[in-house]
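Asker:
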Amino acid sequence: NAGVTQTPKFRILKIGQSMTLQCTQDMNHNYMYWYRQDPGMGLKLIYYSVGAGITDKGEVPNGYNVSRSTTEDFPLRLELAAPSQTSVYFCASRAGQSNQPQHFGDGTRLSIL
Amino acid sequence: TQLLEQSPQFLSIQEGENLTVYCNSSSVFSSLQWYRQEPGEGPVLLVTVVTGGEVKKLKRLTFQFGDARKDSSLHITAAQPGDTGLYLCAGGPSTGTASKLTFGTGTRLQVTL
């Protein structure tokens, strides 16, 4: 009964380092999303995917990249970490119909110092 | 860009009190979802409303979608400490791709004994 799994849960990076946040789902959902949530705020969409091989930019894509080689996995890459990217990152997936709920992972808390 | 403003931003009440959270926009949405998020976890869907004027009840929680589908409200009767959390509304666009949700700014609720 895993749902959406994100790793790691916590990470501290130095400015300029790179890393990949992992996200995998076992519900065979076509739609997947990456959000960031700054303290006390709502969610801002970084990138999303409507199926394997298809990705598109969201509201705040600068400084990030994604890929979707399989239905299950949707990794988020930070190439040159900056302090402004300190945030909590959430991955979500959704079944086909637009009114279906988005299922979220427990998040990755990322600090860049 | 569609925006969803939630009010109030913060609410601290005692057990047994009633409260209402508002979610407002100048844009029309095809549907409106409400999520609750607890510390250290991802948001979890509470309800989806799709018809203008629709009212849905979930135990002590009552959700309403505005007639013009631009706003929504969440009313909690006799709040309990277990209701504590961050409440997020999220709207599905009325035109274009139905893949993305616009999340509101969030209302943080604390219910004390």
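Chains as they are written, first to last, in this note's numbering: chain A, -6 to 106; chain B, 106 to 218.
We treat Cβ as the ideally placed atom computed from N, Cα and C, and that holds for glycine.
A quick note: this is a predicted structure, and the numbers were derived from the prediction, not measured.
#1: W27 of chain A to T0 of chain A, Cα distance in whole Å?
#2: Could you say which of B:E110, B:L109, B:I118, B:Q107 lies nearest to L217 of chain B if we only look at CA atoms?
#3: Label Q185 of chain B either buried or exposed according to how many other C-beta atoms from any shown protein chain fall within 10 Å of its C-beta, with 16 as the threshold for buried.
#4: Which of the residues in the stretch 125 to 158 of chain B, read from start to end, lie with their CB under 9 Å from any CB of chain A?
#5: S130 of chain B and K175 of chain B - do their beta-carbons sit closer together than 8 Å?
#6: What residues of chain A sit near T210 of chain B, judged by a beta carbon separation below 8 Å?
#7: Kindly list, in the order they appear in chain A, the residues whose Cβ is closer than 7 Å to that of S204 of chain B.
#8: I'd like to know if L193 of chain B contacts chain A, where contact means its C-beta is closer than 8 Å to some C-beta of that chain.
#9: Comparing alpha-carbon positions, which option in A:T64, A:G9, A:E52, A:V53 lies nearest L73 of chain A?
#10: Quick check: what's the CA-CA separation for Y57 of chain A versus Y82 of chain A?
#11: Would you say G98 of chain A reaches chain B, if we count a Cβ-Cβ gap shorter than 8 Å as a contact?
#12: Check each candidate in B:T207, B:E120, B:W139, B:Y192 and name the one with the smallest Cα separation from P198 of chain B.
#13: For Q169 of chain B, which beta-bridge partners are listed by DSSP?
#14: For the beta strand (DSSP E) containing P198 of chain B, name the first residue and the last one.
#15: Who does H96 of chain A pair with in a DSSP beta bridge?
#16: In terms of alpha-carbon separation, which member of A:M12, A:T17, A:F3 lies closest to R87 of chain A?
#17: Could you name the residues that DSSP lists as bridge partners for M12 of chain A?
Answerer: Short version:
#1: 13 Å
#2: It should be noted that the sequence gives Thr, not Leu, for residue 217 of chain B. Ranking the options by Cα distance to T217 of chain B, first place goes to B:I118.
#3: exposed
#4: S135, S136, Q138, Y140, Q142, G145, E146, G147, P148, V149, L150, T153, V155
#5: yes
#6: M34, G35
#7: Residues of chain A whose Cβ lies closer than 7 Å to the Cβ of S204 of chain B are, in chain order, Y24, Y41, V43.
#8: yes
#9: A:G9
#10: Each residue's CA atom was taken as its position, placing Y57 of chain A and Y82 of chain A some 12 Å apart.
#11: yes
#12: B:T207
#13: B:V160, B:S178
#14: 190 to 198
#15: H96 of chain A is bridged by DSSP to A:S86.
#16: A:T17
#17: A:L71
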